[in-house]
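Colleague: Protein chains in written order, with my numbering: chain A, 60 to 429; chain B, 60 to 429; chain C, 60 to 429; chain D, 60 to 429. Here a beta-carbon is modelled for each residue, glycine too, at the ideal position from N, C-alpha and C. From a predicted model like this one, the values you see are computed outputs, not experimental measurements.
#1: Does DSSP put residue 129/C in a helix, a strand or coil?
#2: Give the interface partners of residue 343/B over in chain D, defined as CB-CB distance under 7 Å, in chain order.
#3: In terms of alpha-carbon separation, which member of 252/C, 338/C, 324/C, 173/C lies closest to residue 421/B?
#4: Cβ closer than 8 Å: which chain B residues qualify as neighbours of residue 283/D?
#5: So, for residue 414/C: in the same chain, excluding its five sequence neighbours on each side, which residues have a beta-carbon less than 6 Å away from its beta-carbon?
#6: Please classify residue 96/A as buried or exposed, where buried requires at least 16 other C-beta atoms within 10 Å of its C-beta.
#7: Quick one: does residue 348/C have its CB under 8 Å from some CB of chain A?
#8: Give a yes or no on whether 8 Å exceeds the smallest Cβ distance from residue 368/C to chain A.
#9: Please decide whether residue 78/A counts as near chain B, where near means a Cβ-Cβ distance under 8 Å.
#10: If you draw a straight line from the C-alpha of residue 429/B to the C-alpha of residue 206/B, how long is it?
#11: Taking DSSP as the reference, what is the three-state secondary structure of residue 8/B?
#12: Should the region 365–373 of chain D be called in touch with the region 196–210 of chain D, which here means at least 3 C-beta pairs below 8 Å?
#13: Using a Cβ cut-off of 8 Å, which residues of the region 183–205 of chain B contact any Cβ in chain A, in chain order?
#14: What number of angstroms, rounded off, separates the C-alpha of residue 364/C from the C-alpha of residue 159/C?
#15: Output needed for residue 73/A: all residues of its chain with C-beta closer than 6 Å, excluding positions within five of it in sequence on either side, in chain order.
#16: Any Cβ of chain A within less than 8 Å of the Cβ of residue 172/D?
#17: By Cβ distance, which residues of its chain are closer than 8 Å to residue 229/D, with the 5 residues on each side in sequence left out?
#18: If you draw a straight line from the C-alpha of residue 211/B to the C-alpha of residue 231/B, how long is it?
#19: Name the two residues that bound the continuous alpha helix (DSSP H) containing residue 257/D.
#20: Check the Cβ of residue 66/D against every Cβ in chain B and list those closer than 9 Å, keeping chain order.
#21: What would DSSP say about residue 74/D, mapped onto helix, strand or coil?
#22: Look at the alpha carbon of residue 411/B and the alpha carbon of residue 288/B, and state the distance between them as a whole number of angstroms.
#23: Within 10 angstroms of its Cβ, does residue 46/B collect 16 or more other Cβ (buried), or is it exposed?
#24: State the Cα-Cα distance for the pair residue 76/C and residue 127/B, rounded to the nearest angstrom.
#25: What is the rounded straight-line gap between the Cα of residue 100/A and the Cα of residue 194/A?
#26: Can you tell me whether residue 189/D is helix, strand or coil according to DSSP?
#27: Please list, in chain order, the chain B residues whose beta carbon lies closer than 9 Å to that of residue 126/C.
#28: Whether or not the region 333–341 of chain D and the region 307–322 of chain D are in contact is what I'm after, with contact meaning three or more pairs of Cβ atoms, one per stretch, closer than 8 Å; do they touch?
#29: Apply the 10 Å Cβ neighbour rule to residue 402/A and answer buried if 16 or more other Cβ atoms are within range, or exposed otherwise.
#30: What residue range does the alpha helix (DSSP H) around residue 406/C cover?
#31: Can you confirm whether the region 251–262 of chain A touches the region 265–273 of chain B when touching is taken to mean that 3 or more C-beta pairs between the two stretches lie within less than 8 Å?
#32: I'd like the span of the beta strand (DSSP E) that includes residue 83/C, first residue to last.
#33: Please name the residue in 315/A, 277/A, 419/A whose C-alpha comes closest to that of residue 347/A.
#34: Taking just the CA atoms, how far does residue 300/B sit from residue 356/B?
#35: Please state the DSSP three-state secondary structure of residue 204/C.
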């Protein structure tokens, strides 16, 4: 439903890059989830611009929880988080008004909204809005934590440099949690950063692939048609600006495999039903099978680059050139990691709430006891 | 919403592989769309098993439109299409009851539905249900045809063999429309078919990648957060059994590009605004930009294979082996093409109806006249 | 969403009065609910035309459950029930084509669907479709029965004649369950029937008020804004043809009371929290409070009457007269009772599923044990 | 969907009576609607407490539009309006913590949210939240104004005193627009006010009936099953605290009429199709017929009264007494008028957007020109 996602647990997003505030309303969240400013700050910190490889826009991300949290716990009623915009410099955007930036939403927004769109800094289409998603996601992650569901996200590939593969999921999730830059291998991290800096110097940009793992999702979550776990997660992921691909488990690679090697055989091991491989990324027939849920998301190179580009002027409908001088990220793939993780957490809360009801942490925990 | 997809135009799916009937209810479709049995038959024919490379199950796919079409036109009220199941052989399935087929939904369905699921032939999770999607999609395609939106789908890759790239979209769509096997290049078609037959002989299976192009979608369709064109199409695609990846435009490949080559520069050409490249697959900021919408879908190898596999018995919760003797497809990627196309058509109708209202063909056409 | 109602448990309706079939798809119903043909037949019998006081159209209401029930239990996947239309006499309707029946949907449907509507017998707007609602409701009632929620409905008033008030709810629900005509007081029943017969003789029609009581709904169901128990029940009720009013508890009467008498004081009695009065109909702040949920629904007199009426011809847009000769009910208020009850049961299942999850009977029962 | 209402145009509500702020997010509103602070202030002024007959709580209702409006016009992206809470006095509420107020949501909220609810001043259940609805409604009314749809609302009855009937709708809507107290007849207004003051002196409260008329809704809006105009409006109305009944046209009264007098005969008059009477309140078969839409809403007496009442203590689960000393309204029926009107306007925008698309004002106006 337009700017709202989710069935039982939903998030509504509002705001523009250069408006007064951005924010999100989380509805349907279970009551009694412990919420602290620190946990939201920590999540926002991971999304914040990083030194040389990011925009010089200072986003303090001072947020305010204006509703839905009382005495440090979620109440069960809508949680509204507002993040005021600061350090906004309109001058750059005003100058290029009329010249649409290639591969941005300037042109499509102009046609969609008949010219009434707030065009400053991408308006509602700005990556800035993902800060509100990250704040909302921090609360969702806290809810998942109650039932021991853990999420980790790393930059699997950036500027053509690959991180090492995820190994011991639990340890890697902890490692990623402690890191400022979401890459497991230090060598890969250094190479990625230097590739991003190089792109920046050349007034160009690079992209990457983000990979997420989710542990301990109970078996039986999701719906066959049309709300498979994949459908709901992909729906969320493809709403993140710059995402152009989503794959689960072996993903596109599985299409080259034979059935005999692609199939994940079941076995009983240690008293639990597991699969020997996990090419299906923890999902069979759209339903979670209890194995780790694994998915990857392709992030395109930031469309805002310093190089002069051909484009049109929508006021005159003539060909022209554009040189973008704003403060932009030469790469957003690393900053997309906490956003992907936040939306994964929100979607998981929704899926669990659909199956187990509003108070899913309590229902799941009471079921575990039996 | 579980087995219903869509906001303004929706499809609700029902049925099980070995139940009485499967079917779909299409709601919100514009009134006045011409519907004939022939057009649905033609669509179903493309999905039907093909000679040696398919299951030997005879699916006559005799369908009945039980509501919503009057005097050959859609009425605007719900269209229910029922397809009775025939040639159903339960004996095979009864035998393996308890032994869950690897990478199928047998295990997850059992846990999700507490053992009450109709397990015969995959029940509600069967690819059989996609016949109802294809029938519904035929009506959606007729509605799109009214506003000159054309869709074509080919098997871009199968068993490691690649089809030639889409070239002249209009001609290729016509070519694909005329073909029984959705591959543009005859040499590739022959190689794919022989690879599928080889897999069949080896009691194994193969997968593939399906590519779809949609022409003439007006600019300005879709929503930034959280109902981007990509989100809505991917949501639909990931509900198709066996889909493990979805990508738009250059897809995962875009993450390796530099911004300067990934960006699609705008230009005015022939009085129209176009982009010089189409790495974004016709979508900027989640909104259609008027260029062809391009996306690819990864299909895993059919999980049902003749080879003996390890698995568990859910009745005893012990390790065991399974040998699947049912009539199965060694490849479903080619049969997925009409399903992908049908869901793309349904999703497009929904997107257009969200923007232009229930009677989108009339609204768009009256706008064109001005 | 148009012809679908419900969030977690939904019903999609299809069909036209004189088309091939009508039917409903129930989605999201908990697995493991026992379903028998008898219980659906029994429910449909209550809706069937009654002797002299009803239409002479013979509705056999032979139904078929084509999906979602396996070995006598719900599977958890969509349940489609199809009811073929029989004894259809189009000749009457064809004759008056163009002349719109006052207070029917002929005129509004014609404008809404641009003339493509199936006008025969009211098409999709026909009361005939409520048979599918009643069949779906029978399954919903079975699910509620698992958690001891009981529903009873009587014709509180008809043609100005009042039934006695509901007394001992449990006994009255049982009494109503056993009755063919849903009136508690035999004298009132006789008077109502003779008033209906009189109206019939005078080629006129009468209306009534239907009252429903629901017992044992757990406290805490419903949402403050905008999905209160009242909102969700009223939404369902106002979709029934001929309903023009809905009220809860003391209803419109409460607006004349003083707060001191309208307020339902709480007390602990017999170890349970109850209210001394129930002017709020079991709902405080949109949330169930554990007391019986009580609501009434106003049914207008059947708009189809034999008397000649003024109207217009939509083909010529001129004033004209209409004399309706079809087989019609002089009163539908008594036949509305099972429809109101069915939709109440469906809405309750949805409300419970929103709070307790898909498998609400199991979750509630396991909670009771603790 | 919990705290969100609407399909194509939606409103999400957040906040608690004594939290930091309340507010609403309006999504899907057409771009290009002129929005001024004055029009929102004017709407809020009508809801504000009135002299002796209202609470002494000072609600300044200073609001801030934090997104979705740019250069004085709606952008088409989500409009978030935040209203900070001021003049909040917690002391009273803290004292009665544990003692649940009869006919309030204290008890149901406590059970629904497992004790995590913000109980201060009714929390999320407070009538305070309707200020955000009124602010959102002001924008919806501006959108309707573009297509000449006018809404008027009066207090038809209060404390047993009846206002005069609506006469010339256009004039009465203008009259009501100019009035601070929404009653047409000055004598009735005086009597109502004195009845309210009397109730206040007696530490009691009174209720009323609110009536709304909507002019110039195009014919053909609404859906037969399950989204009739009545269903969608009633759904909205029953989410307003204190509403216990909703009726359309002749409402409950129609159930006592004969079909021959209840039916609204069509006629062509002045080149337009109209009905001679309007007992159906402008709606046939759930679809607007072009006549004025008329509905009434029953408002219960304010449950907060000064008189000592019996109740329970939820901490000890024992019987006790409660004396409510907070600043409360002896009547909220007059303050409900702008809330009813706001939700009617929001629902109408949604209905029009469902039929005519996002940019319904433009589509309707361009259709009118033809």
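Modeller: Per the coordinate set shown:
#1: Locating residue 129/C in the third chain gives position 70, where the first residue counts as 1. In this structure, residue 129/C counts as strand in the three-state DSSP scheme.
#2: Here residue 343/B refers to the residue found at position 284 when the second chain is read from its first residue. Ordered by position in chain D, no residue passes the 7 Å Cβ test against residue 343/B, which lies about 16 Å from the chain.
#3: Numbered from 1 along the second chain, position 362 holds the residue referred to as residue 421/B. Nearest of 252/C, 338/C, 324/C, 173/C to residue 421/B, Cα basis: 173/C.
#4: Here the question's residue 283/D lines up with position 224 in the fourth chain. Within chain B, the residues near residue 283/D are 136.
#5: Counting from 1 along the third chain, the entry for residue 414/C is found at position 355. Around residue 414/C: 280.
#6: The residue you call residue 96/A lines up with position 37 of the first chain. Under this definition residue 96/A is an exposed residue.
#7: If you number the third chain from 1, residue 348/C lands on position 289. It does not: the Cβ of residue 348/C has no partner Cβ on chain A nearer than 8 Å.
#8: On the third chain, position 309 is the one that residue 368/C refers to. By this cut-off, residue 368/C is not an interface position.
#9: Here residue 78/A refers to the residue found at position 19 of the first chain. No, residue 78/A does not count as interfacial toward chain B.
#10: One-based indexing of the second chain puts residue 429/B at position 370. One-based indexing of the second chain puts residue 206/B at position 147. Legend: pLDDT at residue 429/B = 49, less than 50; position of this residue unreliable, no value from coordinates given.
#11: Any question about residue 8/B goes unanswered here, given that chain B covers just 60 to 429.
#12: no
#13: 183, 184, 188
#14: What you label residue 364/C is simply residue 305 of the third chain in a count that begins at 1. What you label residue 159/C is simply residue 100 of the third chain in a count that begins at 1. Their backbone Cα atoms lie some 13 Å apart in a straight line.
#15: One-based indexing of the first chain puts residue 73/A at position 14. Cβ neighbours of residue 73/A beyond the five flanking positions: 82.
#16: Along the fourth chain, one-based indexing puts residue 172/D at 113. True, the Cβ-Cβ gap to chain A drops below 8 Å.
#17: As a working mapping, residue 229/D is identified with position 170 in the fourth chain. Cβ neighbours of residue 229/D beyond the five flanking positions: 209, 274.
#18: Within the second chain, residue 211/B is the residue found at index 152, counting from 1. Within the second chain, residue 231/B is the residue found at index 172, counting from 1. Each residue's Cα considered, the two are about 7 Å apart.
#19: Translated into the one-based positions of the fourth chain, residue 257/D becomes position 198. Segment 245–260, the alpha helix (DSSP H) holding residue 257/D.
#20: By one-based count along the fourth chain, residue 66/D stands at place 7. Going along chain B in sequence order, the residues near residue 66/D (Cβ under 9 Å) are 66, 67.
#21: Locating residue 74/D in the fourth chain gives position 15, counting from the first residue. It is a strand residue.
#22: Mapped onto the second chain, residue 411/B falls at position 352. Mapped onto the second chain, residue 288/B falls at position 229. The straight-line gap from Cα to Cα measures roughly 11 Å.
#23: No information on residue 46/B is available, as it lies outside the stretch 60 to 429 that chain B covers here.
#24: The residue given as residue 76/C occupies position 17 in the third chain. The residue given as residue 127/B occupies position 68 in the second chain. Taking the straight line joining both Cα atoms gives about 11 Å.
#25: Reading the first chain from its first residue, position 41 is the one you call residue 100/A. Reading the first chain from its first residue, position 135 is the one you call residue 194/A. Going from the Cα of residue 100/A to the Cα of residue 194/A covers about 8 Å.
#26: Here residue 189/D refers to the residue found at position 130 of the fourth chain. Of the three classes helix, strand and coil, the one that applies to residue 189/D here is helix, per DSSP.
#27: Position 67 of the third chain, counted from the first residue, corresponds to residue 126/C. Ordered by position in chain B, the residues that pass the 9 Å Cβ test against residue 126/C are 73, 74, 75, 78, 79, 80, 81, 82, 177, 183.
#28: yes
#29: The residue labelled residue 402/A in the question sits at position 343 within the first chain. Buried, by the Cβ-count rule.
#30: Locating residue 406/C in the third chain gives position 347, counting from the first residue. Residue 406/C -> alpha helix (DSSP H) spans 392–415.
#31: no
#32: Here residue 83/C refers to the residue found at position 24 when the third chain is read from its first residue. Start and end: 80–86.
#33: On the first chain, residue 347/A is found 288 positions in, with the first residue counted as 1. Per the Cα distances, 277/A.
#34: Reading the second chain from its first residue, position 297 is the one you call residue 356/B. Reading the second chain from its first residue, position 241 is the one you call residue 300/B. Rounded to whole angstroms, residue 356/B to residue 300/B spans 12 Å at the Cα level.
#35: Within the third chain, numbered from 1, the residue matching residue 204/C stands at position 145. Helix.
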